[in-house]
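The sequence shown maps to residues 1 to 247 in this note's numbering. See structure below.
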Amino acid sequence: MEKILEVKNICKTYQAENGEIESLRNISFDVNRGEFISIIGPSGCGKSTLLSIIAGLENKTSGEIYINGKIGYMLQKDNLLEWRTIYKNVLLGLEIQKSNTPENRKYVEELLKKYELYEFKDKYPTQLSGGMRQRVALIRTLAIKPSILLLDEAFSALDYQTRLMVTEDIYKILKNENITALMVTHDISEAISMSDRVIVLSHRPATVKKIYSIDFEMENRTPLNCREKPKFSEYFNLMWKQLEEIK
Ligand code: ADP
Ligand code: MG
Numbered sequence: 001m002e003k004i005l006e007v008k009n010i011c012k013t014y015q016a017e018n019g020e021i022e023s024l025r026n027i028s029f030d031v032n033r034g035e036f037i038s039i040i041g042p043s044g045c046g047k048s049t050l051l052s053i054i055a056g057l058e059n060k061t062s063g064e065i066y067i068n069g070k071i072g073y074m075l076q077k078d079n080l081l082e083w084r085t086i087y088k089n090v091l092l093g094l095e096i097q098k099s100n101t102p103e104n105r106k107y108v109e110e111l112l113k114k115y116e117l118y119e120f121k122d123k124y125p126t127q128l129s130g131g132m133r134q135r136v137a138l139i140r141t142l143a144i145k146p147s148i149l150l151l152d153e154a155f156s157a158l159d160y161q162t163r164l165m166v167t168e169d170i171y172k173i174l175k176n177e178n179i180t181a182l183m184v185t186h187d188i189s190e191a192i193s194m195s196d197r198v199i200v201l202s203h204r205p206a207t208v209k210k211i212y213s214i215d216f217e218m219e220n221r222t223p224l225n226c227r228e229k230p231k232f233s234e235y236f237n238l239m240w241k242q243l244e245e246i247k
């Protein structure tokens, strides 16, 4: 298996008003090509900090990170620019990295067509539903051809029903395009429904408490259809207990 990301002994301590705070302690894990990995853990334990460090947006205190390729990043807010059309929005990443070439534009247009957004390309973000906006945000990220996609609570701003539909859509797109993903979420069900492995972090300072392998032993697995399997609640109970122990 080809490793896309290696996280080795990451530690993070930051300065607060009343002294140093240790946020992450010796966090290590790997992500292989094509895998979907989730990170869950108590609120405030440092999940977003860890993702920011991996994305290179924040400094680590010690440890090493190896990334094989480019990183794409999706946040809770879709951060679409309201004054730009959908088409102009999805080209943003390419413009920023100065690779708005005919070839890359063709790729983006194909993605828009494939995921039923092409007919909306001249509309503005406010004219789209929350779910469609998230799809646009994803295509904008995929435009730069990342080898790994980082998602930080990317679906938490959506209402429950929309969220189920959007996770289903996003999951299918990621699998179709063969994208490796690392997702932070506080939602155990969301983590189980999408992931090949789930990493459970402890309270601050966050350490890796446990890594669960998820296998529903089914073809054409999607987030919705594995929620119906008996195994789903087994995984849920295991992780729920694990998180309760951490409390
Ligand atoms: P999580 O995403 O798991 O909820 P965060 O990664 O957002 O946790 O971090 C937890 C808390 O640690 C934040 O709410 C913030 O108050 C604090 N924190 C993290 N990094 C810093 C920093 N560099 N300086 C000050 N406070 C920080
Ligand atoms: Mg967070």
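Built from N, CA and C at the ideal position, the CB exists for glycine as well. This one's a predicted model, so the numbers in the text were calculated from it and none came from an experiment.
When you compare only the Cα positions, how much space is there between Lys-145 and Leu-238? Along the sequence shown, read from residue 1 onward, the residue named residue 145 stands at position 145. Along the sequence shown, read from residue 1 onward, the residue named residue 238 stands at position 238. Answer to the nearest angstrom: the Cα atoms are 36 Å apart.
Taking the alpha-carbon of Ser-156 as reference, which of Asp-78, Ile-37 and Asn-178 has the nearest alpha-carbon? Taking the sequence shown and counting its residues from 1, one reaches residue 156 at position 156. It is Asp-78.
Thr-207 versus Asp-196: straight-line alpha-carbon distance, rounded: Taking the sequence shown and counting its residues from 1, the one referred to as residue 207 is at position 207. Taking the sequence shown and counting its residues from 1, the one referred to as residue 196 is at position 196. The alpha-carbon atoms of Thr-207 and Asp-196 are separated by roughly 20 Å.
Taking 7 Å as the line, does the beta carbon of Tyr-73 fall inside it for any heavy atom of the ligand COA? Only the ligand ADP and the ligand MG can be found as ligands here, which leaves the ligand COA out of the picture.
Considering only heavy atoms of the ligand ADP, does any lie closer than 7 Å to the CB of Cys-45? Position 45 of the sequence shown holds residue 45. True, at least one ligand heavy atom lies under 7 Å from that Cβ.
Is Asp-159 near the ligand MG, in the sense that its beta carbon is under 7 Å from a heavy atom of that ligand? For the purposes of this step, residue 159 is taken as the residue at position 159 of the sequence shown. False, no ligand heavy atom lies under 7 Å from that Cβ.
Does the distance between the C-beta of Asp-169 and the nearest non-hydrogen atom of the ligand MG fall short of 7 Å? Indexing the sequence shown from 1 puts residue 169 at position 169. Result no, Cβ not under 7 Å from the ligand MG.
In DSSP terms, what Asp-122 is bridged to: By one-based count along the sequence shown, residue 122 stands at place 122. Paired residue(s): none; Asp-122 is not in a bridge.
Spell out the partners DSSP gives Leu-149 in its beta bridges. Position 149 of the sequence shown, counting from 1, holds the residue named residue 149. Gly-72 and Ala-181, per the DSSP bridge assignment.
Quick check: Val-166 and Gln-134, are their CB atoms within less than 8 Å of each other? Position 166 of the sequence shown, counting from 1, holds the residue named residue 166. Position 134 of the sequence shown, counting from 1, holds the residue named residue 134. Against a cut-off of 8 Å, the Cβ pair of Gln-134 and Val-166 comes out as a contact.
Thinking Arg-140 and Asn-89 are a contact (beta carbons under 8 Å), I'd like their distance in whole angstroms, please. On the sequence shown, residue 140 is found 140 positions in, with the first residue counted as 1. On the sequence shown, residue 89 is found 89 positions in, with the first residue counted as 1. 6 Å between Cβ atoms; contact.
Out of Lys-114, Leu-201, Pro-205 and Val-7, state which residue places its alpha-carbon closest to the alpha-carbon of Tyr-212. Residue numbering aside, residue 212 sits at position 212 when the sequence shown is read from its first letter. Among Lys-114, Leu-201, Pro-205 and Val-7, the Cα nearest to that of Tyr-212 belongs to Leu-201.
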